[in-house]
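Visitor: Following this message is one structure expressed as structure tokens.
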Amino acid sequence: MAGRRTRSIASREMTAANGVAGVRAVVTGSTRGLGLAIAKRLSAGGAHVVVNGTDTDRCRSVAEDLGAIGVGGRVEADGVADALVDTCVAEFGGIDVVVNNAGMTRDAMLTRMSRGDLRDVLAAHVEGTWAVSQAAVRAMKSGGTGGAIVNVTSGTALFGNPGQSNYAAAKGAILGMTRALSLELARFGIDVNAVAPTVKTDMTASLAKSLADEDAELGTVFGEPESVALLFGYLCSPASRGMTGQILSFDGGQLSVWSHPRPASSFDPSGTSWDITDFESALGNPSVWEPLHPDRLGRLLQGQRAGAR
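Quick note: the sequence shown uses our numbering, first residue 12, plus one each step.
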């Protein structure tokens, strides 16, 4: 991973903040961590923001601090997605942007993970993102001005992580949802992108600490929420319109655009049809296998997995 470009990031801060003036936005999971930083970034730039969290008292407090509107509740629960969007439309006259940040973790190794752990994580991330997006798109189409959906995914969806099979499945579903909706909604002028942030939050604290214990440099991979929120400020601004179906990663220093899935290698059978020797010839050579973790953070995770065997 390249070194942090602090100077270039700082030079964009004013643009990212000022570019959202007047934007009408719903930010889910925005009472702490990255979601709170995004809501602050948008509010500071003059956006009209609806914040959300499961703790209604904290949601109310954050809304008061930011001069925003608060709507409490779990985004996957019946009626909450509609309430978020309806509130934005009623208070601000429409909706331009949704940031689907709400989520949770219930980490455990597969044999110790309960069905409830799986269902709860899938509901919070997948059903919640889907429900809020659906409500927002209905309002955006009705308004006729297009808009943007910014989903939050994770490097865990791209590479996997031991003890997070439920979280990886949920965030992987958001990748697929992002690409599907970008195709479905392009004709309505609605952009759909996803960000895999590497950021210091309550949810990543234990991983960040373990990485720092192993390698001091890797401990710096996790960016501050305020720095990572800069990208979301840009994606919520009119300046980003027209970019859709993209998967980005950002740690406050390095920004990456991820490729769409494509074959790493392709093979044909030796004869007219495949047999076992053809599969062995194609797949038996490790040089054709894709690395599990091609990035710097992933290599350490891979090493940790090997050490746990």
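Idealized CB from N, CA, C, for every residue including glycine.
Model, not experiment: these values are computed from the prediction.
1) In chain order, what residues of the same chain have a beta carbon less than 8 Å from the beta carbon of E24, not counting five sequence neighbours either side?
2) Could you spell out the range, first to last residue, of the beta strand (DSSP E) harbouring N112?
3) Can you tell which of N162, G183, S153 has its C-alpha closest to the C-alpha of F334?
4) Near R52, what residues of its chain come up, given a Cβ to Cβ distance below 6 Å and the 5 sequence neighbours on each side ignored?
5) State the DSSP-derived secondary structure class of R320, mapped to helix, strand or coil.
6) For a test of the three-state rule: what should DSSP assign to G282, helix, strand or coil?
7) Let me make sure I understand the geometry here. Which of T156, V73, V137 has the alpha-carbon closest to that of I106?
8) Where do the ends of the beta strand (DSSP E) carrying P208 lie?
9) With a cut-off of 8 Å on the beta carbons, I'd call M151 and I201 a contact; round off their distance for me.
10) Whole angstroms are fine: how far does the CA of A50 sit from the CA of V60?
11) Using the Cβ count rule (16 or more neighbours within 10 Å means buried), how would you classify Q1?
12) Counting beta carbon pairs with one atom in the segment 109-117 and one in the segment 37-47, are three or more of them shorter than 8 Å?
13) In whole angstroms, give me the CA-to-CA distance for M254 and R190.
14) Would you report the Cα separation of G256 and G187, rounded to the nearest angstrom?
15) Which of the three DSSP states, helix, strand or coil, is assigned to E301?
16) Pair every Cβ in the segment 77-88 with every Cβ in the segment 125-144, then say whether three or more of these pairs are closer than 8 Å.
17) When the Cα of N162 is compared with those of G57, P274, E75, S260, which residue comes out closest?
Guide: Concretely, from the data shown:
1) Reliability fails at E24, whose pLDDT of 47 lies under 50, so the model's placement of it is uncertain and the value that follows must be treated cautiously. For E24, where only same-chain residues beyond five positions count, the Cβ hits under 8 Å are L241.
2) Looking at the DSSP string, N112 is not in any beta strand (DSSP E), and its letter there is neither H nor E.
3) Residue 334 cannot be examined here, being either before or after the span of the chain that is shown, 12 to 320.
4) A240, G244
5) Because the pLDDT of R320 is 45, which lies under 50, any placement of that residue in the model is unreliable, and the question is left without a value.
6) coil
7) T156
8) 201-208
9) 6 Å
10) 7 Å
11) Outside the displayed span of the chain (12 to 320) sits residue 1, for which this structure offers no information.
12) yes
13) 12 Å
14) 10 Å
15) coil
16) yes
17) S260
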